[in-house]
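Line by line, the protein sequences are chains A and B.
Just so you know, we're using my numbering here: the first sequence kicks off at 301 and counts up by one.
Just so you know, we're using my numbering here: the second sequence kicks off at 278 and counts up by one.
C-beta atoms are modelled at their ideal positions from N, C-alpha and C, and glycine is treated no differently.
From a predicted model like this one, the values you see are computed outputs, not experimental measurements.
See structure below.
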Amino acid sequence: MNIFLHELKVYRKSTIVWTLSLAAVLVLFMSMFPGLTKDAADFQKLLQGYPEPVRKAFGISLESITSLLGFYSYVFSYIVLCGCIQAMNLGVSILSKEAREKTADFLLTKPVTRSQVVSAKLLAAISSLIMTNIIFLAAAAMTTLSVSQKPFDMGTFLMISLSAFLVECMFLALGVLVAAVMSIKSVLPISLGTVFAFYILNMLGSVIGEKAVRYLTPFKYYDTAYIIRHASYEPRFIFIEALFIVIAVSASYIIYSKKDIHAV
Amino acid sequence: MNLFFREMKAARKSLILWCIGSFLMAASGMAKFEGLDSTGESLQQLVSTMPRSLQAVMGTGSLDLSTAVGYYGILFTYLLLMAAIHSLMLGAGIIAKEERGKTAEFLLSKPISRSRIMTAKLAAALVNVLIFNLVTFVFSVISVAKFAKTEDSISDLSLLMTGMFLVQLMFLAAGSGIAASGKKPKRAVSMGTALLLAAYILSIAIDLSQKLEFLQYLTPFKYFEAKRVLIDGGLDPVFILLSIGIVFILTIVAYISFNKRDIQV
């Protein structure tokens, strides 16, 4: 319990900063929504002069992307990116902190098992993520309600917003695993490199239209277009995620318990 | 000189990883390019009449996706982001790591001045950044050459890469400036990254709303973006001067504050 509270305290400031920046980015982007709908309406008028098939092809994608939820998903992809950097960073840093800062002998000579250490740290990391997400969700709901002129489906909105937390959990698990396996000197290059690698893979996947990429990058697991259409997540990706998290976390426990940790 | 080679060696592994990343990007991104047919061209005209904010949301920008170089422009955005992250982390890390790794005492008790330490470290970082740029250039030329005449694309690509180099220099200088002047060396890389992400987000926001266009001077990602460079056929001299100025000032800041720095041992 002491470890848990201590870690929460250590990460309090960074959690607050992350939460505020995520909320700020969302407010900034969503405040552009009214301008965008105006642009879209103008463009729709211009489209009238084009032949039917073109109008159809464009009309549909325009309509979905300039609807409130469509635009929210667009903005949300950047939020997820930032959230995942936070999560991975947290995972890598929280488990490698003692080894990095050479305080391992202090922590590991306390009468707690290594598994207890991992549990407390994991719990602290998860709590930090949950707090970020709750506050972000409140900010997002308020902003979205205030910029929307038409009613929208709150359930779908919540599902989209919740998917950030699900993706973040994967990166947290990955981060903890990386910290357990490797000896880490500095956190950010690793977490940033990993998250951006997956993000770029995801962006390329959507540009080149590759189906297989979906399974490789967590960013694509909870496709917002699918959520908007079906008001649910895709079950197989929930399964893959659960499997991944269970494997990564249990591997972290086992590896960390047996790891040679240098004291000085 | 020893220090320079020491730093080159220390950064070698990560440079190789970054170059592999750049290779994967260039290769996988261009592999899927297929020239659009004639209906594609008329669609392209339609897209170009769209308001800029819609273009941004739909992910095309004003790039001409029917040409190989235009298609490469999309890829370039991500390569630029990669290059910026690489140079920022290199710049901040190379200065901050002595204090972070508790080796500052060892280094600073050697008979060389702090300015010389800084020069050697910055020179090593510069060479690393340059190598990454050249490697990316070569990979890009090869992957674009499959679809377009090499002579045409090389001039466009070398323009883009020059722009990328200037952006890299800015982030390198920013990273070392932050690391040298910041109070906590542990925070240097994270602060620099926060700055970089803010700049990146700002560049997206500017794409979405014309009202924010005056903010484009604040984010290096806007200075030499592909759509601007490819359409103008050159780098904007205002931004070239601005970026050289930024690099100059930040480097001086880095030198001065590193010289006066209280090193925590």
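Determine the contact status of Ala369 (chain B) and Pro462 (chain B), defining contact as a CB-CB distance below 7 angstroms.
no
Is the stretch 426-438 of chain B touching the stretch 344-362 of chain B, taking contact as three or more C-beta pairs under 8 angstroms?
yes
Would you verify that the beta carbon of Leu313 (chain B) is, or is not, closer than 7 angstroms to some beta carbon of chain A?
Here the model assigns Leu313 (chain B) a pLDDT of 49, short of 50, so the residue's position is not dependable and the matter cannot be decided.
Does the Cβ of Ser315 (chain B) have 16 or more other Cβ atoms within 10 Å, making it buried, or fewer, making it exposed?
With a pLDDT of only 47 at Ser315 (chain B), under the threshold of 50, the placement of this residue in the model should not be trusted; the figure read from the coordinates follows. It counts as exposed.
8 angstroms Cβ cut-off: residues of chain B touching Tyr378 (chain A):
Ile478 and Ile481
Rounded to a whole number of angstroms, what is the C-alpha to C-alpha distance between Arg505 (chain B) and Thr413 (chain B)?
20 angstroms
Please decide whether Thr344 (chain B) counts as near chain A, where near means a Cβ-Cβ distance under 7 angstroms.
no
Residue nearest to Ser331 (chain A) in terms of C-alpha spacing, selected from A:Ala479, A:Leu368, A:Leu423 and A:Thr315:
A:Leu368
Cβ closer than 9 angstroms: which chain B residues qualify as neighbours of Pro518 (chain A)?
What Pro518 (chain A) touches in chain B: nothing, since even the nearest Cβ is about 18 angstroms away.
Counting only Cβ pairs nearer than 7 angstroms, list the residues of chain A close to Met327 (chain B).
Phe343
Check the Cβ-Cβ distances between Ser299 (chain B) and every residue of chain A, and say whether any is below 7 angstroms.
no
With a 10 Å radius around its C-beta and 16 neighbouring C-beta atoms as the bar for buried, classify Thr366 (chain A) as buried or exposed.
buried
beta-carbon Phe353 (chain B) near the ligand FMN non-hydrogen atom, thresh 6 angstroms
Annotation note on the ligand FMN: not contained in the displayed structure, which lists no ligands.
So the candidates are A:Val487, A:Gln449 and A:Ser321; which of them puts its Cα closest to the Cα of Ile435 (chain A)?
A:Ser321
So, does the CB of Met438 (chain B) fall closer than 7 angstroms to a CB anywhere in chain A?
no
Please list the segments of the beta strand (DSSP E) lying wholly inside the stretch 391-463 of chain A, counting only runs of 3 or more residues, in order along the chain.
none
Would DSSP call Glu468 (chain A) helix, strand or coil?
helix
Which of the three DSSP states, helix, strand or coil, is assigned to Ile588 (chain B)?
Residue numbering for chain B in the displayed model covers 278 to 542; residue 588 (chain B) lies beyond these limits and cannot be assessed.
Leaving out five residues before and five after Thr403 (chain A) in sequence, what residues of the same chain have Cβ atoms less than 6 angstroms from its Cβ?
none
Which of the three DSSP states, helix, strand or coil, is assigned to Lys423 (chain B)?
coil
Would you please state the rounded distance, in angstroms, between the beta carbons of Ala479 (chain A) and Val412 (chain A)? I believe it to be under 8 angstroms.
Actually they are not in contact, since the Cβ atoms of Ala479 (chain A) and Val412 (chain A) sit about 18 angstroms apart, beyond 8 angstroms.
Collapsed DSSP secondary structure at His562 (chain A) in the structure displayed:
coil
To the nearest angstrom, report how far apart Arg400 (chain A) and Ile561 (chain A) are at their CA atoms.
10 angstroms
Would a check of beta-carbon distances place Val325 (chain A) closer than 7 angstroms to chain B?
yes
Express the C-alpha separation of Ile481 (chain B) and Lys488 (chain B) in angstroms, rounding to a whole number.
13 angstroms
Going by CA-CA distance only, name the one from B:Leu492, B:Ser486 and B:Phe535 that's closest to Pro334 (chain A).
B:Ser486
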